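> This note's numbering runs 2 ahead of the 1-based position in the sequence shown. Got a structure for you, questions after.
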Amino acid sequence: MSTANSTVDLVLPVGQRDHVQGLLTAPVVLVEYGDYQCPYCAQATGVIQELQYQLGDRLCYVFRHFPLTELHPKALRAAEAAEAAAAQNQFWQMHYCLLSYQSALNETDLLQYARDLELNIERFEHDINSNQRFHHIQEDIKTGIGSRVDSTPTFFINEIRYVGSWDLSTLMNVIEPRYAE
3 MSTANSTVDL
13 VLPVGQRDHV
23 QGLLTAPVVL
33 VEYGDYQCPY
43 CAQATGVIQE
53 LQYQLGDRLC
63 YVFRHFPLTE
73 LHPKALRAAE
83 AAEAAAAQNQ
93 FWQMHYCLLS
103 YQSALNETDL
113 LQYARDLELN
123 IERFEHDINS
133 NQRFHHIQED
143 IKTGIGSRVD
153 STPTFFINEI
163 RYVGSWDLST
173 LMNVIEPRYA
183 E
(Lines of atoms letter the chains of each structure in order from A and count residues from 1; the text may use other names and numbers.)
(Lines give C-alpha, C1' and ligand atoms only; values in the text may rest on other atoms or scores of the structure.)
Protein backbone atom coordinates (compact mmCIF):
# COMPACT_ATOMS: atom_id res chain seq x y z
CA MET A 1 0.00 0.00 0.00
CA SER A 2 1.29 3.42 -0.91
CA THR A 3 1.56 5.81 2.00
CA ALA A 4 2.70 9.01 0.40
CA ASN A 5 3.16 10.52 -3.00
CA SER A 6 6.08 12.93 -2.70
CA THR A 7 5.23 14.55 -6.04
CA VAL A 8 2.08 16.14 -4.61
CA ASP A 9 2.83 18.85 -2.10
CA LEU A 10 0.60 21.27 -0.27
CA VAL A 11 0.72 24.46 -2.35
CA LEU A 12 -0.13 26.76 0.55
CA PRO A 13 1.93 26.10 3.66
CA VAL A 14 0.07 25.99 6.95
CA GLY A 15 -0.03 29.35 8.67
CA GLN A 16 -1.99 31.87 10.69
CA ARG A 17 -4.89 31.93 8.20
CA ASP A 18 -5.68 28.29 8.95
CA HIS A 19 -7.97 26.66 11.48
CA VAL A 20 -5.46 24.88 13.69
CA GLN A 21 -5.56 22.59 16.70
CA GLY A 22 -2.13 22.21 18.24
CA LEU A 23 1.16 23.96 17.72
CA LEU A 24 2.29 24.95 14.25
CA THR A 25 5.77 23.86 15.37
CA ALA A 26 4.66 20.28 16.09
CA PRO A 27 6.78 17.60 14.38
CA VAL A 28 3.69 16.34 12.53
CA VAL A 29 1.23 18.63 10.78
CA LEU A 30 -1.87 16.89 9.47
CA VAL A 31 -3.94 18.92 7.02
CA GLU A 32 -7.40 17.75 6.02
CA TYR A 33 -9.34 19.10 3.09
CA GLY A 34 -12.91 18.27 4.00
CA ASP A 35 -16.59 18.70 3.25
CA TYR A 36 -19.28 18.99 5.94
CA GLN A 37 -21.71 16.74 4.05
CA CYS A 38 -19.13 14.04 3.29
CA PRO A 39 -19.83 10.92 5.39
CA TYR A 40 -16.16 9.92 5.13
CA CYS A 41 -15.11 13.23 6.66
CA ALA A 42 -17.44 12.56 9.58
CA GLN A 43 -15.88 9.10 9.98
CA ALA A 44 -12.38 10.56 9.83
CA THR A 45 -13.19 12.94 12.68
CA GLY A 46 -13.05 10.16 15.26
CA VAL A 47 -9.75 8.91 13.88
CA ILE A 48 -8.26 12.40 13.98
CA GLN A 49 -9.45 12.96 17.55
CA GLU A 50 -7.85 9.68 18.62
CA LEU A 51 -4.60 10.69 16.89
CA GLN A 52 -4.72 13.98 18.76
CA TYR A 53 -5.28 12.17 22.04
CA GLN A 54 -2.43 9.71 21.46
CA LEU A 55 0.07 12.18 20.02
CA GLY A 56 -0.71 15.25 22.10
CA ASP A 57 1.53 18.20 21.28
CA ARG A 58 3.44 16.18 18.67
CA LEU A 59 0.50 16.68 16.27
CA CYS A 60 -0.91 19.82 14.73
CA TYR A 61 -4.26 19.34 12.96
CA VAL A 62 -5.49 21.76 10.30
CA PHE A 63 -8.88 21.77 8.59
CA ARG A 64 -9.40 23.39 5.20
CA HIS A 65 -12.69 23.60 3.33
CA PHE A 66 -13.26 21.64 0.16
CA PRO A 67 -17.04 21.48 -0.34
CA LEU A 68 -17.95 19.14 -3.16
CA THR A 69 -21.06 21.08 -4.11
CA GLU A 70 -22.11 18.85 -7.00
CA LEU A 71 -22.39 15.89 -4.60
CA HIS A 72 -23.21 17.81 -1.43
CA PRO A 73 -25.33 20.90 -2.15
CA LYS A 74 -25.38 22.07 1.49
CA ALA A 75 -21.64 21.73 2.09
CA LEU A 76 -20.73 25.26 0.98
CA ARG A 77 -23.34 26.88 3.21
CA ALA A 78 -22.17 24.71 6.11
CA ALA A 79 -18.60 25.91 5.47
CA GLU A 80 -19.89 29.49 5.54
CA ALA A 81 -21.53 28.74 8.92
CA ALA A 82 -18.23 27.41 10.23
CA GLU A 83 -16.47 30.57 9.07
CA ALA A 84 -19.16 32.76 10.62
CA ALA A 85 -18.65 30.88 13.89
CA ALA A 86 -14.90 31.39 13.50
CA ALA A 87 -15.49 35.14 13.56
CA GLN A 88 -16.70 34.59 17.13
CA ASN A 89 -13.86 32.18 18.02
CA GLN A 90 -16.15 29.16 17.78
CA PHE A 91 -14.87 27.48 14.60
CA TRP A 92 -14.06 24.13 16.16
CA GLN A 93 -17.32 23.94 18.08
CA MET A 94 -19.30 24.58 14.88
CA HIS A 95 -17.00 22.26 12.91
CA TYR A 96 -17.79 19.29 15.16
CA CYS A 97 -21.46 20.18 15.27
CA LEU A 98 -21.73 20.26 11.47
CA LEU A 99 -19.93 16.93 11.10
CA SER A 100 -22.15 15.38 13.78
CA TYR A 101 -25.41 16.51 12.16
CA GLN A 102 -24.71 16.17 8.45
CA SER A 103 -28.31 15.33 7.61
CA ALA A 104 -29.51 18.64 9.11
CA LEU A 105 -27.71 21.48 7.35
CA ASN A 106 -30.49 23.77 6.16
CA GLU A 107 -30.65 27.46 7.14
CA THR A 108 -32.85 26.81 10.17
CA ASP A 109 -30.47 24.12 11.41
CA LEU A 110 -27.41 26.34 11.00
CA LEU A 111 -29.06 29.14 12.96
CA GLN A 112 -30.04 26.68 15.69
CA TYR A 113 -26.44 25.47 15.96
CA ALA A 114 -25.33 29.09 16.29
CA ARG A 115 -27.89 29.58 19.07
CA ASP A 116 -26.78 26.35 20.76
CA LEU A 117 -23.20 27.66 20.73
CA GLU A 118 -24.49 30.93 22.19
CA LEU A 119 -23.16 32.96 19.29
CA ASN A 120 -24.32 36.50 18.67
CA ILE A 121 -27.02 35.64 16.13
CA GLU A 122 -27.16 39.05 14.48
CA ARG A 123 -23.41 38.93 13.91
CA PHE A 124 -23.58 35.28 12.80
CA GLU A 125 -26.24 36.11 10.20
CA HIS A 126 -24.14 39.01 8.95
CA ASP A 127 -20.94 36.99 8.85
CA ILE A 128 -22.43 33.91 7.19
CA ASN A 129 -23.19 36.14 4.21
CA SER A 130 -19.92 38.05 4.28
CA ASN A 131 -17.69 38.00 1.22
CA GLN A 132 -14.71 37.84 3.57
CA ARG A 133 -15.88 34.45 4.89
CA PHE A 134 -16.60 33.25 1.38
CA HIS A 135 -13.12 34.39 0.30
CA HIS A 136 -11.49 32.15 2.94
CA ILE A 137 -13.44 29.14 1.67
CA GLN A 138 -12.62 29.97 -1.95
CA GLU A 139 -8.94 30.23 -1.06
CA ASP A 140 -9.10 26.79 0.56
CA ILE A 141 -10.76 25.37 -2.55
CA LYS A 142 -8.23 27.04 -4.86
CA THR A 143 -5.25 25.78 -2.86
CA GLY A 144 -6.87 22.34 -2.67
CA ILE A 145 -7.20 22.21 -6.44
CA GLY A 146 -3.60 23.40 -6.73
CA SER A 147 -2.60 20.56 -4.41
CA ARG A 148 -4.58 18.11 -6.60
CA VAL A 149 -7.33 17.49 -4.08
CA ASP A 150 -10.23 15.81 -5.85
CA SER A 151 -12.09 14.05 -3.07
CA THR A 152 -12.73 14.32 0.64
CA PRO A 153 -11.22 13.76 3.01
CA THR A 154 -7.80 14.39 1.51
CA PHE A 155 -4.88 14.48 3.93
CA PHE A 156 -1.41 15.98 3.81
CA ILE A 157 1.19 14.97 6.36
CA ASN A 158 3.97 17.53 6.71
CA GLU A 159 2.87 19.09 3.42
CA ILE A 160 3.06 15.81 1.44
CA ARG A 161 -0.18 14.30 0.19
CA TYR A 162 -1.03 11.10 2.00
CA VAL A 163 -2.43 8.32 -0.15
CA GLY A 164 -3.76 5.26 1.59
CA SER A 165 -6.10 4.07 4.26
CA TRP A 166 -6.88 6.57 6.99
CA ASP A 167 -7.80 4.18 9.75
CA LEU A 168 -6.10 4.82 13.09
CA SER A 169 -3.46 2.07 13.00
CA THR A 170 -2.39 2.86 9.43
CA LEU A 171 -2.12 6.59 10.08
CA MET A 172 -0.19 5.98 13.31
CA ASN A 173 2.27 3.76 11.41
CA VAL A 174 2.80 6.54 8.87
CA ILE A 175 2.99 9.36 11.41
CA GLU A 176 5.15 7.74 14.13
CA PRO A 177 8.44 7.85 12.17
CA ARG A 178 7.88 11.56 11.44
CA TYR A 179 7.76 12.66 15.07
CA ALA A 180 10.60 10.34 16.08
CA GLU A 181 12.98 12.11 13.68
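The C-beta atom is built at its ideal place from N, Cα and C for all residues, glycine as well. Just so we're clear, the structure is a prediction, and the values are computed from it rather than from any experiment.
Can you give me the Cβ contacts of Gln54 inside the same chain, cut-off strictly under 8 Å, excluding the 5 residues immediately before and after it?
Closer than 8 Å at Cβ, skipping near neighbours: Gln23, Gly24, Leu61, Tyr63.
> Looking at the structure shown, is Thr154 part of a helix, part of a strand, or coil, going by DSSP?
DSSP places Thr154 in coil when its eight states are reduced to three.
> Could you tell me the boundaries of the beta strand (DSSP E) in which Leu61 lies?
Its beta strand (DSSP E) spans residues 61–67.
> Enumerate in chain order the residues of its own chain whose CB-to-CB distance from Leu96 is below 7 Å, with the five nearest sequence positions on each side excluded.
It is worth fixing the name first, because residue 96 is Met in this sequence and not Leu. These residues qualify, in order along the chain: Ala83, Ala84, Ala87, Tyr115, Leu119.
> Suppose you measure from the CA of Phe93 to the CA of Pro179; what does that come to, to the nearest Å?
Each residue's Cα considered, the two are about 31 Å apart.
> Out of Thr154, Val30, Asn108, Asp142, which one is the CA nearest neighbour of Ile162?
For Ile162, the nearest C-alpha among the options comes from Val30.
> Under the rule that 16 or more other beta-carbon atoms within 10 Å means buried, what is Lys144, buried or exposed?
Exposed: under 16 other Cβ atoms inside 10 Å.
> Output the distance between the C-alpha atoms of Phe126 and Asn175, rounded to the nearest integer angstrom.
So the alpha carbons of these two residues sit roughly 41 Å apart.
> State buried or exposed for Pro69, treating a residue as buried only when at least 16 other CB atoms are found within 10 Å of its CB.
With 16 or more other Cβ atoms within 10 Å, it is buried.
> In the DSSP assignment, what are the bridge partners of Glu34?
In DSSP, Glu34 forms a bridge with Phe65, Phe157.
> Please say whether Gln104 and Gln39 have beta carbons closer to each other than 8 Å?
Yes; because the gap between Cβ atoms is below 8 Å, this pair is in contact.
> In the DSSP assignment, what residue or residues form a beta bridge with His21?
Answer is Phe65, bridged to His21.
> I'd like the list of long-range same chain contacts for Thr71, defined as Cβ closer than 7 Å, with 5 residues on each side in sequence excluded.
Ala77, Leu78.
> In chain order, which continuous runs of the beta strand (DSSP E) of length 3 or greater are located wholly inside the region 50–136?
Fully enclosed beta strand (DSSP E) runs of 3 or longer: 61–67.
> Tell me, please, which residues DSSP counts as bridged to Asp11.
Asp11 pairs with Ile162.
> Under 7 Å Cβ to Cβ from Leu173, same chain only, skipping five residues before and after it: list those, please.
Within the same chain, Leu173 has close Cβ partners Val49, Leu53.
> Reducing DSSP to helix, strand and coil, say where Ser149 ends up.
Looking at Ser149 - three-state DSSP - the assignment turns out to be coil, as it is neither helix nor strand.
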